[in-house]
Every structure is written in structure tokens, then in C-alpha cells.
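Working notes for the structure below.
Next comes the structure, spelled out in C-alpha cells:
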């Protein structure tokens, strides 16, 4: 039995007093001080880990003013803060052991737009892609691009002066910031924009902190003019420090403090609002995917491509390409980056042209085609082929793959994982090829594996060497490589931090700037933040401070993870391998990725948050000398804690006894177990798998709620109730029954059993009954005409019409369907962590299905979640004992069997709203259905939606009802409203149940719509 884990890192007394005083003030935001909340903010996309004292979620600029004003009290003078946006930084920019100010949860609104003048005003918690979605109807977009655009906030982009693909034309974030609203640590509100003449004089003459800031900035820029010109590199990228080169225009006398704040990494002030320049979306876009025989050839050919006046040139090496080929993302781009017959494809350059004028666009395209054809014909520059795409959807798919490549580099089967610490070096593009030769030699000499890609047009290279930071010696190697890369970039007149900020690499700042100029940076820090209270240790410290800058030697995730035994780390790799890339924070409501974090906006309820809690839980168990793998083995062997012990522990829990396991359990209970994370996450963090293992262990210490049994045993009682559906429907339909079920069991909206039953429905339609002997007697040719239908509890007993229509459809297609005897699948047991019982259920069902598979007759299941359980959870539970049986989804079975000419169009148009598990685990599913419908004269469009919010039984949990309906409203509600309900289709039983509950109408399964076409 797991022990009580009563250890938690206590909040310091002054911090506790501060948040108590804040909660009693006019502050209207949220304060999170639970250990789970603090852990969720303890990591980002870097290798570092810093546990904050608390996390504060302000709702307005005024809230931040209130925080800073309260912090001016003498009793709170040691309280420090670090602003945080999307938490996607790769160098720990927002990590702190003090208080985190998270602007992403509430301060995420677009405030104002002026399309005619080309600007928009936003709160800085707005996500970049969210902003562009808002701008799209106006024909505008915010152009700085980055791979984390679906979760990175505008505030983070400003703080890191972010840029990415297309920066040669579009520039950096700072090039598009027109004005900023910021709060200084003394509570003053700084409104910054370009100022000249009288406006500037007014600010300079102010006798407050803002006046001091203007005076110091002007003094530094005037006295250090030549030093700034000599030191700041001549690069497309900025070095994140304080942008002394652009803050003061000596010719016009203009001072623009936004340039100081851009790239300051939140070390000067809290930026709450931004006015941004936006521009027209290009009318014409074309992408070239140019293929090379080596990565070096791709790099050396890049300057040639830049001369073609392209918007961008992006390079990807073979390692990244091969990782992409193993990921769900590849199915969307494989036709756009096909192999070249007889050639080895070891690198590509992705070249984009984007213009408003079609003639200019075509001239550029034609010119590049001529040049590439010449190179291929003459076998020059390593070019072996190219493909062109001008379809916007195809272009977006290519960039989707390229963006996901950042996370894919973190995926590795070995203990050494590609990590970010020297991943954004920048040198002048003309030096890049030679620089990379030396860089690769440095890594090769250490025997390290790595992948490379980057913005070669700007000289930026993304390299992530594979290291195991659980090994102290490899952590030392990280320091050694960091030092050598700094020296190497300096040799080629570049920067180590060309795109992703300094963060914990701030220690290299003094050597880069030189003592005189670095002292000026410290003076600027002093007038903004005299006592080092705003993101302390980043960029520089105030002039009188004796505190050190943060260092690459700081505590890392590996520091904590190495406390977990190797065998446990390997067993729980679905959690431990999370590298913090944050793709699970994807703001897009039409993405299936993690609906729980979308609806709660609480990072604890994300795959990253849950993985972090699991890591800490395993660490604490290890530090208590608990062998978690042995405990699991004991449970499978029937060695359970007694009911009395569980009862006693549960009473202590209800009495308020702290156990960190309770915080982990709360996070796990918020998971819908949709499994989108297991395929959408580039690292394939699999929350439902480690969630079930955790729940299994947790409930060996604590009693289970009644609803767990109600759900887990549905496959046992549904067949019994299904024999008398009218009888049970009468009682379950009574209001008093519903009220009691909600109060006693904790479940709501229990569905009605099918009446007539499936058995009756099939008898009325002359269906062949199951007879093993007769099936075994069939010849090989006869067996090809049969289909074995595998039952599941939900469609068989609660949605029998679907199964009936499945049989009728199979018959209409000329095949003979046979209903297999009902065998429990076990999915409900797995979801609720009854893993011992699930293993037995899976073993029994697998034995039966393997027996059926020996008949060599196709097996088809109706509900995707249940069918896919055979492929995933069964494999995990049984390993090789699972056998080789294959239960197919209907469209998987039918598509290869389509033959003959397609039918004439019947003007029947349908819309498919896919099941989360199905479309993420089997991404071709929607297109397979579209192909089938087209063959039979219908048209089917796949509708982009996220989760419906039902997710099996999640939506029937009384405590989750509000969240379930809120998730439905994120994407399903609007899409259902757009179409005639009779044309809307859903493969998932839970999806159809949710629509019926909320909309009062039942959607058809695609099989039922197909039947109307036959």
C-alpha cells in the first residue's frame, strides 16, 4: 500500500502573509498556492526546474498595480515576482523560486482594432494564433511567426522579442510593437510609445520613476553610442538584453521605450497591454519543398535560395524528417514531401514566396523553377528534386510538420533525450555552413546524437544534443558544450541566444557586452527595478546589487528525476519523458488535444501538468523507500489493503489530513481519458495510461466512490438489464430515480436501454446466428463473404439501432454479418483504474477474439473507443499474450473492398464530427469515410471539432456536468448549429449521447447515413 505523502515544500511566511493580505485587498484575480499549482509553474520548455512560492493570476492591469503597491509595504520588501505567459520558453526565462504572475489565464482579450490604420490592441495573455484567428476576417495578420504559435502569448513574444519563419521580410516582434502598457514594481503605470519634442521633455522632467527611466536611457544611449554600435551584432536577430541600439534615434531625437521592454525577458516591468502593427494577409502563397542528398548540401544552397527573394528559407535534416515520419503528423504531409526514386533524401529546404501581386509571385516562382531544374540536370548543389504547393491547406500542413519538429526532437527511445540549451545559435548567414561544420564536429567528438533544423535565411540553427540529465556527468557535459558554443558563435561573429532568449544563460552576458556596456544595462535595470524584485537574476542585476545572475548550472528537472529509480523511470516513461514543449496548451478549441485544460485554463489539468505531478509523486515515493513496481505486482497478485484500513484512511482524508496523492488524484479525475495526448503530443505523453495506474494504487489506500463501481461494472449489468429494457427504463426514467442516482451514485442523465433489443431487431431482419461449428466448416472463399461483428456494451444495449443498421449495411454490400457473443471489453474498468480486473477481462476477451481470428474472417466493431482499446490498452496490459487478432472499424474494413465504378452523385451531403480517440489514433479515419461516401454517390465533409465533452462516462459524472457542457460549447455547439441535424454524423456513442442530451436530437452513425445511399 502506498504511504501517506505528507511532505510538501512549505510557502515562506512572508509570502504567505503577502498573499493573505492580497486576497483581502481590492485585487480581483486568483491566487493559487497548492503544491500542484506551484509544480505546474515550476517548469517550462527548458531543462530547469524552480518551485515558485505561489502563482497569481491577475485579471486586469489594475490588479497588477494592486499587487505592486502592496509589495511596497516594508513587511513585503523581499517579495519578488516573475511574469509568465505561455510557459514555452526554452531557457527558463519565466522560472522562479518566488511568485509567478501568470497573465495567460485571464488577461487574454483583444481590446480594440483599427483595420484601416493597421493596428490592434490586446492584453498580453492573448495567444499568437488566437490573435491571428481574430484578425483573419479583417484580412490582416500579426506576422512574427514561431513554432509555438498555438500556445505562446503576445507577452512572451514581446519579452523574448520573438521571431521565426519569414523574419527577413517580417522582422521581429519589436518591429511590430507600436505601444505598451506596463506596470513598474512601484505600482506606476508606464505608457510607452515613440516620443519626441515636447512629449519627450514632459516625460524626462517627471520627478518619479518614469522620469528617471527616460533620463537614464537617454544618457546611456548618448554616452555609449560608439560602444553600442561596435558591440551589437549585425544580425537579423536581436540578442535579448536591453535594445540600446534601437531605443534612441539620434537623428530625430525619438525615444521609444517599447524597444527596451522588448527582449527584456520580463526583468524590467509587467507588460499588460500591447498595441501591435498588423498587415494584410498575402493573397498569393507558394511553397517549394526542395530535396537534397545531404543536410550540408541544403545548408550550402540556402544563400542561393535567399537571392531568389523568398519570404523564408527553412532547413530540416534527415533526423527530424525521420522523426516526423514516425509521428501522426506525417500522414498529412507525406504526399507533399515524397521520396525521390533511387536517391537518399537527407535534407530539405522549405522555401516560401508570398505576394499581393500575382504577376510578381509567378515571376519569382518561374525563376526558381528554372534555377532548380538547371541544378538537377547538372547534378549540382546536391539538389535531387523538389515539389511545389500553392494550396493554403497544404502549406499549413507543411508548416504544421515543421513546427511540430521542435517537439519531435525531444522524442527518443534512449535515456538520453535531445534537449534545449544551445538550440538557437545565430551567425551571419554567409558564415553558417562553415560554422555548422565546426558545431557538428564539437558534438560528434562527444559522441552525441542530435537533430538540426532552422531559419537558414537568418543564420539561425536549432540543434538539440541528446543528453541524459539524470546522469550528473552528462549535466557537466552540458556546461562544457554551452561554454564551447558561446566561444564558437563569437568566433563566427554570432550569438548563442539568437532567438529563444537568455534565461539561465544570462551568466554569459557580461563577457558578451563587456564591462562598460554591461554596467550601463545594470543602470537601466536599476531605474526600472532598483531592488532586483522583477524576474531577478535574468539579463542583469541592479547596479548596487551583489546578487548573482542565474546560471546554466541551476537545478534541473534531471536533478529531481534522478531520485527516481531507473526501472521506475522506464516503466513510467509516458510521464517522465514530458519535456515541457507545451503543445497540450494549444488554444485551438477545434483541436482534440486536452479538453480539460481548455475549459479550466488551469495548467494543472493538462498533460504537462499531470505528468509533472506524476514525476513528483514517484520521486516522493522513492524518497520514502517505496518500490512502486513491487506494489503494483502485489495488487495484481491480490495482495490488497483491508477494507478496515481503507476506511480508516478515508476518514482521515475527510478529516483534512494532507496527502500529496490527493492533489495528484484531483488532477487525474479531471482527465477525460480521451487519449488525444498519446498521439497529439510529440513526446506521446500518455495520461490515461499512467492515470489508470495511479488510480489503481490510490484506491488500495482509500475507498472508492460508488460511481466507480457503477461505471466499471457496466459490462456486467447492462446485458442483464438489456433483457428487460422497458422494465428498467420505467424506473430509471422516474425523477425520483434520477435524483437518487445523482445523490447516492453521483451520476446524471443515465441513458435509456434500447427497446426493442438488438436481438429482437436482428431476428426481424433475418440475420445469420453465430455457430462456431458452421463457421469453421466454411471454405476459404466462403469465409471472405462473412463479417464477424464484435459487440460493445454501449451500442448493443443503449444504441441497438446503430448495430442493426450496421448489419443491414453489410448485407446490402453483399456480405453476411454474424453477431459474435457479447464479451466484456474492459475499457470502463481501465478508465476507473480497476487494472487487476481489467487484466483478467482483457485476457478472457483476447483469448476469445484470437479464437475467432483463427477463422480468418474479418472482425468489425462499432464504437471507436472500444475497438481502439483492443489495440492500445490490451497491448499494454497483455503484451505478447494479446495475440494477433484484429478488430477493425467499419470504414477500415470497407474501404479496401470498394470495387466497381462509383455511383452517380445523389446530392446527399453529410458532415462528420469525429470521435477524439478515433481521429487522433487513426488520423485517416475521416478521409476513409469521405472516400466511401463518394464511392456510393454521397458527399461527406469532415468537420474540425475538439472534444464533445462526454468522453465515455465523464459527462455523466455529476461533479463534471458543468465542465462537460462547457467543453461541448467550445466547438461542437457552433458546428452543430451550422448544419441540418439530419446531415450531421458522429461515430462515437458518447458523442451522439452528448448531442442528444444538449440538443434533444440524436445524430446518425455514418453507417446509418451510408445505408440510405445503398
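Numbering (the working numbering), first residue to last: 88 to 1101.
Ideal Cβ positions, reconstructed from N, Cα and C, are used throughout, including at glycine.
Assuming residue i and residue j are in contact, meaning their beta carbons sit under 8 Å apart, how far apart are those beta carbons, in whole angstroms?
i: residue 548; j: residue 519; result: 7 Å
i: residue 835; j: residue 1045; result: 5 Å
i: residue 463; j: residue 457; result: Residue 463 to residue 457, Cβ: 11 Å. No contact.
i: residue 1109; j: residue 769; result: Absent from the model: residue 1109. The displayed extent of the chain is 88 to 1101, so no value can be given.
i: residue 686; j: residue 1054; result: 5 Å
Give the secondary structure of residue i by DSSP, where H, G and I count as helix, E and B as strand, and everything else as coil.
i: residue 389; result: helix
i: residue 1043; result: helix
i: residue 113; result: coil
i: residue 437; result: strand
i: residue 485; result: helix
i: residue 144; result: strand
i: residue 475; result: strand
i: residue 944; result: coil
i: residue 399; result: strand
i: residue 513; result: strand
i: residue 661; result: helix
i: residue 1148; result: Here the chain comprises residues numbered 88 to 1101, so residue 1148 is not present and cannot be evaluated.
i: residue 372; result: strand
i: residue 335; result: strand
i: residue 166; result: coil
i: residue 670; result: helix
i: residue 597; result: helix
i: residue 227; result: strand
i: residue 202; result: coil
i: residue 1092; result: coil
i: residue 800; result: coil
i: residue 611; result: helix
i: residue 521; result: helix
At which residues does the alpha helix (DSSP H) containing residue i begin and terminate?
i: residue 30; result: Coverage of the chain is limited to positions 88 through 1101, which leaves residue 30 absent and any answer about it impossible.
i: residue 1025; result: No alpha helix (DSSP H) contains residue 1025, which is instead part of the beta strand (DSSP E) from 1025 to 1030.
i: residue 1069; result: First-last for residue 1069: undefined, no H or E at that position.
i: residue 246; result: 241 to 247
i: residue 1013; result: 1012 to 1022
Starting from residue i, follow the beta strand (DSSP E) in both directions and report where the run begins and ends.
i: residue 567; result: Not the beta strand (DSSP E): residue 567 falls in the alpha helix (DSSP H), residues 559 to 578.
i: residue 206; result: 206 to 210
i: residue 997; result: 995 to 1000
i: residue 189; result: 186 to 189
i: residue 266; result: 264 to 270
Taking just the CA atoms, how far does residue j sit from residue i?
i: residue 284; j: residue 298; result: 15 Å
i: residue 609; j: residue 210; result: 28 Å
i: residue 408; j: residue 850; result: 54 Å
i: residue 1097; j: residue 374; result: 38 Å
i: residue 150; j: residue 330; result: 28 Å
i: residue 1103; j: residue 653; result: Since the displayed the chain opens at 88 and closes at 1101, residue 1103 lies outside it and no answer follows.
i: residue 271; j: residue 613; result: 12 Å
i: residue 765; j: residue 291; result: 56 Å
i: residue 383; j: residue 452; result: 24 Å
i: residue 196; j: residue 145; result: 13 Å
i: residue 777; j: residue 250; result: 36 Å
i: residue 1070; j: residue 1023; result: 16 Å
i: residue 539; j: residue 412; result: 16 Å
i: residue 489; j: residue 309; result: 43 Å
i: residue 997; j: residue 1020; result: 9 Å
i: residue 909; j: residue 663; result: 38 Å
i: residue 819; j: residue 172; result: 48 Å
i: residue 304; j: residue 639; result: 29 Å
Using a Cβ cut-off of 8 Å (strictly closer), state whether residue i contacts chain C.
i: residue 901; result: Absent from the structure is chain C; it holds one protein chain and no more.
Inset, instruction - Count the CB pairs spanning the stretch 803 to 813 and the stretch 835 to 854 that are closer than 8 Å, and state whether there are at least three. - result: yes
Legend entry - the stretch 651 to 671 in contact with the stretch 567 to 585 per 3-pair CB rule at 8 Å: no
Legend entry - At least three beta-carbon pairs within less than 8 Å, the stretch 961 to 968 to the stretch 883 to 896: no
Inset, instruction - Could you say if the stretch 215 to 225 and the stretch 553 to 569 meet the contact criterion of at least three C-beta pairs nearer than 8 Å? - result: Segment contact: the stretch 215 to 225 against the stretch 553 to 569, fewer than three CB-CB distances shorter than 8 Å; contact not assigned.
Inset, instruction - Determine, using beta-carbon pairs with one atom in the stretch 163 to 181 and one in the stretch 579 to 594, whether at least three such pairs fall under 8 Å. - result: yes
Inset, instruction - Report yes or no: do three or more beta-carbon pairs, one from the stretch 518 to 534 and one from the stretch 479 to 493, lie closer than 8 Å? - result: no
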